[in-house]
Each structure stands twice: as C-alpha cells, then as structure tokens.
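Just so you know, full-length UniProt numbering puts 88 at position 88 of the sequence shown, and the rest follows in order with no gaps. Here a beta-carbon is modelled for each residue, glycine too, at the ideal position from N, C-alpha and C. Note that the structure is predicted; figures quoted are calculated from it, not measured.
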Amino acid sequence: MAEIVIRNTNERISGEENVREFLKKQEVLYEHWNMDKFPADLQEKFQLSDEDKQRILDAFDPEIRDLAARRGYKIWDIITLSESTPNLEDLLQKFEEVHTHSEDEIRAIVGGKGIFIIKGSEDVGYFNVELEPGDVISVPENTPHFFTLMDNKQIVAVRLFIEENGWIATPVADPQFQ
Ligand SMILES: [Fe+2]
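Next comes the structure, spelled out in structure tokens:
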C-alpha cells in the first residue's frame with residue numbers, strides 16, 4: 001500500500017484510509033490491484049522479454065480495460081527499470097526534474113518500488129508517494145511532478161496513455177520545489 005511523505009514537514013501518512021483521503025484531497029487518482037494475479041514465475045524479474053510483458057498485460061487485462069473505459073486511455077505498455085537497464089543513472093537524472101504533461105500520467109506498479117514526487121495544494125507543497133506492487137496512481141495533467149526509483153532501483157509498471165504524444169514532458173523551474 002502506498003505511503004505519503006510531505007516534504008516540507010517530513011510528516012508520513014500511512015494506512016489505506018489515510019492515504020486514500022489525502023490523495024483524494026490532492027485530486028490524485030489512487031486505486032489498488034490484487035497482485036495475486038501476477039504471473040508467479042515473473043516475480044522479482046526485472047529484465048522482461050516481450051512475451052513476459054504480454055503475459056503481465058494479459059493477467060491484468062480486465063483492470064486495464066476498466067481504467068481505459070473510465071478514463072479514456074487508448075494504448076498501454078509495460079516499462080521496467082533496474083540496475084541492468086543500460087544508462088540507468090543517466091535516465092534517472094533525466095527523470096528527476098520537475099515537469100508537467102498535457103495528459104495525466106498513470107502508472108500501475110506491478111513489481112519493485114517507485115516514488116512520485118508531486119506538487120500538492122498551497123498548504124501542503126510537494127509530497128512523495130511511495131509505491132509498491134498493486135498501487136495505481138495518476139498524476140493529473142498540468143501538475144508539476146517527477147518519478148524516480150527507490151533504493152532497490154527496481155520497478156515494473158503498466159503505463160496507459162490517451163495519446164503517446166500527450167506524455168511529452170514540459171520542464172518546470174519551480175522555486176518552491178525542495
Ligand atoms: Fe511525468
């Protein structure tokens with residue numbers, strides 16, 4: 001289950017109800033998938049073949065199609081990152097810049113861990129959302145944010161897009177970011 005850290009105060013919010021309530025107030029979609037459906041032989045595997053990726057997409061096909069029907073996504077894929085990803089450090093450096101997109105950025109974490117840093121309301125400021133398998137999150141369009149890995153540097157996630165071009169990052173130089 002996701003946990004929140006408010007960066008200005010270091011306050012940590014945990015527990016399903018508290019996390020859901022906080023994210024709802026911040027207009028961040030948060031849902032949770034049942035990970036029992038994840039193919040057992042792909043657990044803890046972070047170098048995935050196209051066939052492996054398709055098996056994961058097939059396992060969660062009803063959840064993906066449900067999200068797509070509700071929210072207008074047209075295409076989806078699997079992204080995986082780990083220390084075996086070529087140029088991982090360069091990629092992470094590029095990721096760790098505050099930016100926005102003209103469509104929402106939705107990720108369903110199905111392996112490893114990840115963290116979204118999101119700009120909240122004026123009274124909250126930036127907050128971290130620490131994500132684990134089963135967590136589904138969507139950063140609203142035009143909301144400053146970035147995504148990065150946690151210490152284990154491993155993730156497998158489903159991405160959904162309304163149109164792939166909508167996900168072009170626009171950098172934000174925000175003096176309020178800390
Ligand atoms: Fe983004």
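query, result
"heavy atom of ligand 1 below 8 Å from V139 C-beta", "yes"
"Any non-hydrogen atom of ligand 1 closer than 8 Å to E163 Cβ", "no"
"Touching by the beta-carbon criterion (3+ pairs, under 8 Å), the region 92-99 and the region 127-142", "no"
"Bridge partners - H145, DSSP secondary structure assignment", "H99, I118"
"Residues near V172 in its chain [Cβ-Cβ closer than 7 Å; skip 5 each side]", "V98, H99, T100, P144"
"Local Cβ density within 10 Å of E12, reported as buried at 16 or more and exposed below that", "Per the sequence presented here, residue 12 reads as Arg, with Glu not at that position. Under this definition R12 is an exposed residue."
"Sequence-distant residues of the same chain with beta carbon closer than 7 Å to P39, five excluded per side", "R55, I56, A59"
"Where the alpha helix (DSSP H) containing V19 begins and where it ends", "16-25"
"Pairwise C-alpha distance: G72 and E27", "17 Å"
"Neighbourhood of S138 by C-beta distance below 6 Å, restricted to the same chain and skipping five residues each side", "L29, D104, I106"
"Beta-carbon proximity of D135 to A2, cut-off 9 Å", "yes"
"DSSP state of P171 mapped onto helix, strand, coil", "strand"
"8 Å CB neighbourhood of L48 in its chain, flanking five on each side removed", "L42, I56, I78, T80, V156"
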